[in-house]
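Novice: Chains as they are written, first to last, in our numbering: chain A, 903 to 1084; chain B, 903 to 1084; chain C, 19 to 426; chain D, 19 to 426.
Where a beta carbon is used, it is the ideal one built from N, C-alpha and C, also for glycine.
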Amino acid sequence: MSRLDRWLEDSARGLARGAGRRSFLARVGRFSLGALGASTLPLLPVARADNESHALPEDVDGPEGDPGDCNYWRHCAIDGFLCECCGGSTTACPPGTSSSPVTWVGTCLNPADDTHYMISYNDCCGKGYCGRCNCNRNEGERPDYHWYRANDINWCGGAPSQSYHCSVARVIGRASEQQPER
Amino acid sequence: MSRLDRWLEDSARGLARGAGRRSFLARVGRFSLGALGASTLPLLPVARADNESHALPEDVDGPEGDPGDCNYWRHCAIDGFLCECCGGSTTACPPGTSSSPVTWVGTCLNPADDTHYMISYNDCCGKGYCGRCNCNRNEGERPDYHWYRANDINWCGGAPSQSYHCSVARVIGRASEQQPER
Amino acid sequence: MLRFIGLIGLLAWLLPATALADSTTDLEPFEALEFVELEPISPHSVWVTDVIFRQSLLFDADSGEALATIGNALGSFPKPPIFSSSRNEFYVPEAQRKWGHRGERTDFVTVYDAKTLNAEAQIVIPTQSGESAGNIGYANLLDGGDTLAIYNQFPAQSVSLIDMGERTFIDSISTGGCAGIYPTGELSFATLCGDGTLREVEVDARGQLIRDESTSAFFDAVNDPVMMNGSRVGDRWVFISFSGVIHDVDFRASPPTVRSWSGVSAPEKSEGWRPGGRQVSAAHQKLERLYVLFHPGESGSHKDPGPEVWVFDLEAGSRIDRFSLPNMDASAIAGLLGLEGGFTGWLLENIVPATGGDTLAITQDDEPLLLVRNSSLPIAAVLDARTGEHLRNLTEIGISGFRLTVPR
Amino acid sequence: MLRFIGLIGLLAWLLPATALADSTTDLEPFEALEFVELEPISPHSVWVTDVIFRQSLLFDADSGEALATIGNALGSFPKPPIFSSSRNEFYVPEAQRKWGHRGERTDFVTVYDAKTLNAEAQIVIPTQSGESAGNIGYANLLDGGDTLAIYNQFPAQSVSLIDMGERTFIDSISTGGCAGIYPTGELSFATLCGDGTLREVEVDARGQLIRDESTSAFFDAVNDPVMMNGSRVGDRWVFISFSGVIHDVDFRASPPTVRSWSGVSAPEKSEGWRPGGRQVSAAHQKLERLYVLFHPGESGSHKDPGPEVWVFDLEAGSRIDRFSLPNMDASAIAGLLGLEGGFTGWLLENIVPATGGDTLAITQDDEPLLLVRNSSLPIAAVLDARTGEHLRNLTEIGISGFRLTVPR
Chain A
903 MSRLDRWLED SARGLARGAG RRSFLARVGR FSLGALGAST LPLLPVARAD
953 NESHALPEDV DGPEGDPGDC NYWRHCAIDG FLCECCGGST TACPPGTSSS
1003 PVTWVGTCLN PADDTHYMIS YNDCCGKGYC GRCNCNRNEG ERPDYHWYRA
1053 NDINWCGGAP SQSYHCSVAR VIGRASEQQP ER
Chain B
903 MSRLDRWLED SARGLARGAG RRSFLARVGR FSLGALGAST LPLLPVARAD
953 NESHALPEDV DGPEGDPGDC NYWRHCAIDG FLCECCGGST TACPPGTSSS
1003 PVTWVGTCLN PADDTHYMIS YNDCCGKGYC GRCNCNRNEG ERPDYHWYRA
1053 NDINWCGGAP SQSYHCSVAR VIGRASEQQP ER
Chain C
19 MLRFIGLIGL LAWLLPATAL ADSTTDLEPF EALEFVELEP ISPHSVWVTD
69 VIFRQSLLFD ADSGEALATI GNALGSFPKP PIFSSSRNEF YVPEAQRKWG
119 HRGERTDFVT VYDAKTLNAE AQIVIPTQSG ESAGNIGYAN LLDGGDTLAI
169 YNQFPAQSVS LIDMGERTFI DSISTGGCAG IYPTGELSFA TLCGDGTLRE
219 VEVDARGQLI RDESTSAFFD AVNDPVMMNG SRVGDRWVFI SFSGVIHDVD
269 FRASPPTVRS WSGVSAPEKS EGWRPGGRQV SAAHQKLERL YVLFHPGESG
319 SHKDPGPEVW VFDLEAGSRI DRFSLPNMDA SAIAGLLGLE GGFTGWLLEN
369 IVPATGGDTL AITQDDEPLL LVRNSSLPIA AVLDARTGEH LRNLTEIGIS
419 GFRLTVPR
Chain D
19 MLRFIGLIGL LAWLLPATAL ADSTTDLEPF EALEFVELEP ISPHSVWVTD
69 VIFRQSLLFD ADSGEALATI GNALGSFPKP PIFSSSRNEF YVPEAQRKWG
119 HRGERTDFVT VYDAKTLNAE AQIVIPTQSG ESAGNIGYAN LLDGGDTLAI
169 YNQFPAQSVS LIDMGERTFI DSISTGGCAG IYPTGELSFA TLCGDGTLRE
219 VEVDARGQLI RDESTSAFFD AVNDPVMMNG SRVGDRWVFI SFSGVIHDVD
269 FRASPPTVRS WSGVSAPEKS EGWRPGGRQV SAAHQKLERL YVLFHPGESG
319 SHKDPGPEVW VFDLEAGSRI DRFSLPNMDA SAIAGLLGLE GGFTGWLLEN
369 IVPATGGDTL AITQDDEPLL LVRNSSLPIA AVLDARTGEH LRNLTEIGIS
419 GFRLTVPR
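#1: Return helix, strand or coil for LEU354 (chain D), following the three-state DSSP convention.
#2: Compare the C-alpha of ASN1036 (chain A) against each of A:THR1017, A:ASP963, A:ALA979 and name the closest.
#3: Taking only the alpha-carbon atoms, compute the straight-line gap between ALA137 (chain C) and VAL129 (chain C) and give it to the nearest angstrom.
#4: Find the nearest neighbour of ARG307 (chain D) within the set D:SER249, D:GLU289, D:GLY163, D:LEU343, judged by alpha-carbon distance.
#5: Would you call the CB atoms of SER418 (chain D) and VAL69 (chain D) closer than 8 Å?
#6: ARG296 (chain C): which of C:GLU286, C:GLY416, C:SER319 sits nearest, CA to CA?
#7: For ASN106 (chain D), I'd like the list of residues in its chain whose CB is within less than 6 Å of its CB, leaving aside the five on either flank, ordered along the chain.
#8: If we ignore side chains and look at the alpha-carbon of each, how far apart do LEU412 (chain C) and PHE53 (chain D) end up?
#9: Could you list which residues in chain A have their beta carbon closer than 7 Å to that of THR134 (chain C), in chain order?
#10: State yes or no: is the C-beta of PRO201 (chain D) within less than 8 Å of the C-beta of GLU231 (chain D)?
#11: Work out the CA separation of CYS985 (chain B) and THR999 (chain B) for me, nearest whole Å.
#12: Is there at least one non-hydrogen atom of the ligand ZN closer than 7 Å to the beta-carbon of LEU216 (chain C)?
#13: Output the boundary residues of the beta strand (DSSP E) element that contains THR202 (chain C).
#14: Can you name the start and end residues of the alpha helix (DSSP H) that PHE172 (chain D) belongs to?
#15: Could you check whether GLU220 (chain C) and ALA16 (chain C) sit closer than 8 Å to each other, using their CB atoms as the reference points?
#16: Kindly indicate if chain C contains any beta-carbon less than 8 Å away from that of PRO1045 (chain B).
#17: Taking Cβ to Cβ, would you say LEU92 (chain D) is nearer than 8 Å to LEU85 (chain D)?
#18: How long is the line joining the alpha carbons of LEU160 (chain D) and LEU387 (chain D), rounded to whole angstroms?
#19: Just to confirm, is the Cβ distance from CYS1058 (chain A) to CYS1032 (chain A) under 8 Å?
#20: Can you check DSSP and say which residues form a bridge with MET1020 (chain B)?
#21: For ARG1051 (chain B), which residues in the same chain have their Cβ closer than 8 Å to its Cβ, ignoring the five residues on either side in sequence?
#22: Leaving aside the five residues before and after LYS116 (chain C) along the sequence, list all residues of the same chain whose C-beta is less than 7 Å from its C-beta, in chain order.
#23: When the distance is taken between beta carbons, is ASP164 (chain C) closer than 8 Å to SER147 (chain C)?
#24: So GLY374 (chain D) and LEU343 (chain D) are in contact, right, with Cβ under 8 Å, and what is the actual spacing, rounded?
#25: So with CB distances below 9 Å, who are the chain C contacts of HIS1130 (chain A)?
#26: When you compare the CB of ARG1039 (chain A) with every CB in chain D, is at least one pair closer than 8 Å?
#27: Along the chain, where does the alpha helix (DSSP H) containing GLY360 (chain C) start, and where does it finish?
#28: Please report the Cβ distance between ILE380 (chain D) and VAL424 (chain D), rounded to the nearest whole angstrom; I am assuming they are in contact, meaning their Cβ atoms lie under 8 Å.
#29: When you compare each of D:HIS119, D:GLU149, D:ASP78 to VAL110 (chain D) by their alpha carbons, which one comes out closest?
#30: Which of the three DSSP states, helix, strand or coil, is assigned to HIS977 (chain A)?
#31: Within 10 angstroms of its Cβ, does PRO997 (chain A) collect 16 or more other Cβ (buried), or is it exposed?
#32: How many Å lie between ASP383 (chain D) and SER991 (chain B) at the Cα?
#33: What residues in its chain sit with their C-beta under 6 Å from that of VAL1004 (chain A), if we drop five residues either side in the sequence?
#34: Keeping to the same chain, check which residues put their C-beta closer than 6 Å to that of PRO99 (chain D); ignore five residues upstream and five downstream.
#35: Looking at the C-beta of GLU149 (chain C), does it have a partner C-beta in chain B at a distance below 8 Å?
#36: Output the distance between the C-alpha atoms of HIS977 (chain B) and ASN1038 (chain B), rounded to the nearest integer angstrom.
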């Protein structure tokens, strides 16, 4: 498969929040508590404002600003086919796919405001490999035992179908410092 | 996938005949009569000697003499992955595969004796695509309605599993003239 | 282009507890995970089917964007999705076994909503559907969109009929000695026969044969067979033979009549020019033009890719244009090496031999696009169907495949 | 090399009746269709797993020949076959759904006879087996070959145990916070934990925990984690960290002890040298040598391919050699273009940048071979493990894959 294919799609990104999210979260929370073993795992986030998203600074030129490019700033710990190139977007799964409630995160630097953001890389599932814009970057990525930083895992294992299709890169918060590593 | 991969296996070809063939033929014959529509289709061969195979002249140099090469003389109407490159041989299916009793034929010129032979291209089935030595040649090949000369058809449809793995090219007789075509 | 629905929220519960506890992370800004729905199918969209990935990707041929994917089960050769504009659904005939490549086989048709692309139903059908590398003519929706017809091969040649309104199997009818399904009406279709005729059958709502007639023999299955790939123009189906004879079959007459003429002149024939490819031809219904992939070659080259598309005026019975195809091999290798454009791109263009195209489709609107691929290259070319101008490429379309399907 | 059995005879009934009638065909000579059995698995054979074709090809690394294929069901990431030398069987953990990529999921282990390569059984197991791109440490046979252990991820981290004699699921044990399965005995294995320890568990025949102990924390999962790919040397498992620290874990002690030393000198570290890849290391048990893929790179490059294999003497705790890998990219492109050897091959060798290898395996005999691939190239290189000499390539190994598995 080809790599780093230049891909000229407009970024289509939705920012509205759904009304059903809290109830969905409740379900997810139950699932996670019962399911993921007690030893390491986190609970629901304790303190989040529920107001509308702040728009992110977006005026990045070059491949770091192109969501269809592997070098796009949010992709610093992604592994897989970019949903941007598969009928989805940076924050949306393609038509007819589902997703897993559990996934991995990364901490990426946005060159537009020189700020590190937490990125959630959700796998979109239920169809075979999209096969386009394959991208593997591993900044802050960790092995499977450090699972919420591990991008090798097929996170569709927790979705309605384990078939892996593509991956998104959503901003889910600001990080006050870079993920430590060497 | 790469093409015309040079492949240096000794040709391992078995020539002995199995005792169970006649009874197998009887089954196949019943199947064909009941199954394949009455309009065009042939019956069992009416007159064949049951003695041992004659050895074929084999001293062909170059790609026409290399069973792992797409240019090998028997491959004149093959379509698929050569079983020679998949753990089988020109006349044998790879380990753990099955085959269909129905298949397509070709008429190929053996440069060693300048004689045309009838070739049976059996598909070996029950595993996914072998993926090696992909070869498509179409001398005398005909569309699907002229089915016993048609190599597009997935002949594994008549096997215990319809999954197509690779194809062999067995000599099943001498042809007194080339398949007419233009 | 895209619309968003069905927001599913935050998965931040999986953040490390420590990260939350020590306040290194501020949970703003926050982008919800969303799910895309398809816009109404545009005239310039095309399904690109890949036999290795076992799926079809829907592309917008204007933007070059991929819009969606429909995957296939583990049968060997995936069939392209079939579009019903009346029901706004896609239908995919599939087959799968209990244990991967082994075990009991189930044949079924999956029904996809064309907006959500969710699978709405699986219709189980008798296990006899046939497969070929390209599945040309192996499954088609009859006129009106109510009845899906699927070609069967084992143990017998027949056609299964499925009621897409009731989502039930109706019955199958025998078509021994013939292959392919070419719809001619709401409950009728034609099929190509080994005796050189084309047979048309019509059934009633219960799948019982009520009409069965054949053309006189108009081709020779051995000496100059017609390709499986037919092109529909209203009440006609147009086929081309190995040597380039164009057979224009008119189903308004009973039995159907055939008008045959050669698309290749004597000098061209002496140069070896002949049609070749997998999905070798496509017609624009309104323009009544037939587009065919041509190459100079020997006998036995009828599936080889060609460097040109020849354009025929079906009314006049003459060729009106020859388009040269772009060098898709060079573009594919440039993409593989990440060397698109610039000097190296130009160098590749001039060094890498072009193998041409073997698969062709056309959009049916007033500004038609011609879509061309080579089954072993990961790109497809988009041409202006009126001028042959190379507009753009669809990239990363897959590994190998023999079909391009325009949904309407 | 090959043996033949199970002759199936003639299919000549499908010859055209006319061909038989007009005597144009003489039905001699005749070659029967035969079926191959595998020779006993040789020390130089290797399974090459492909995630796109969803299967593993068995190669003879001496001849470069492919010997057989084992396909996987439609789960996303195929697991390599696991060899039981005592039972002469291969085991493949698989998962599949009722309707292709959709519908009810069934997890199972397929048992293949290693001579016929026929599927002898499917053992259905609870639907919780995990998958990763490389499945490193996701399934392993415990010592003696009677018990197969499979790593589960959803909904919880655990390990399923399967009795391969009885061909039944035994039970699963919780391994929350840890990942991977590293066999240490007939009914014991180790697993890597997020707190920097390695936990060893032992069960009885019914799968009930009878021993459970952990090393002290010997690595930092955030600052210098160890790679999932462990290499076994007798009673030890050897891991390497992102920065190149080699952790040699000895399971003869209770709890297991760890000897750690850096494989990278200060000057090398300042040049950025670090291990990287998918299946990043392999050990020769008798020689007690560890082979690791190395590259100069930044942090975050721990999965990048490398141009060199570094050879460590585990007893001495020092590096004894550095092998340079051949240019597999050039060979792959030459193969793609059909330009192997000659001037163009030489040109490619010098023009195409080599990306190196990311996946490594070694044979365990006295003339060991080192097998190296780059997960996105269709070839693998075979090196003499003692000298690093490039002996040959395995070609057309697939499209993409992260594993090379030596059956013994």
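Specialist: Reading from the atomic positions:
#1: helix
#2: A:ALA979
#3: 6 Å
#4: D:SER249
#5: yes
#6: C:SER319
#7: ALA132
#8: 42 Å
#9: PRO997, GLY998
#10: no
#11: 11 Å
#12: Absent from the structure shown: the ligand ZN. Ligands present: none.
#13: 196-203
#14: Per DSSP, PHE172 (chain D) belongs to no alpha helix (DSSP H) and is neither H nor E.
#15: No information on residue 16 (chain C) is available, as it lies outside the stretch 19 to 426 that chain C covers here.
#16: yes
#17: no
#18: 25 Å
#19: no
#20: B:THR1009, B:GLY1075
#21: ALA979, TRP1006, VAL1007, GLY1008, GLY1042, GLU1043, ARG1044, GLN1081
#22: GLU122
#23: no
#24: 6 Å
#25: Nothing in the structure corresponds to residue 1130 (chain A), since chain A is present only between 903 and 1084.
#26: yes
#27: 360-369
#28: 7 Å
#29: D:GLU149
#30: helix
#31: buried
#32: 28 Å
#33: GLY1060
#34: TRP65, SER74, ILE88, PHE108, VAL110
#35: yes
#36: 8 Å
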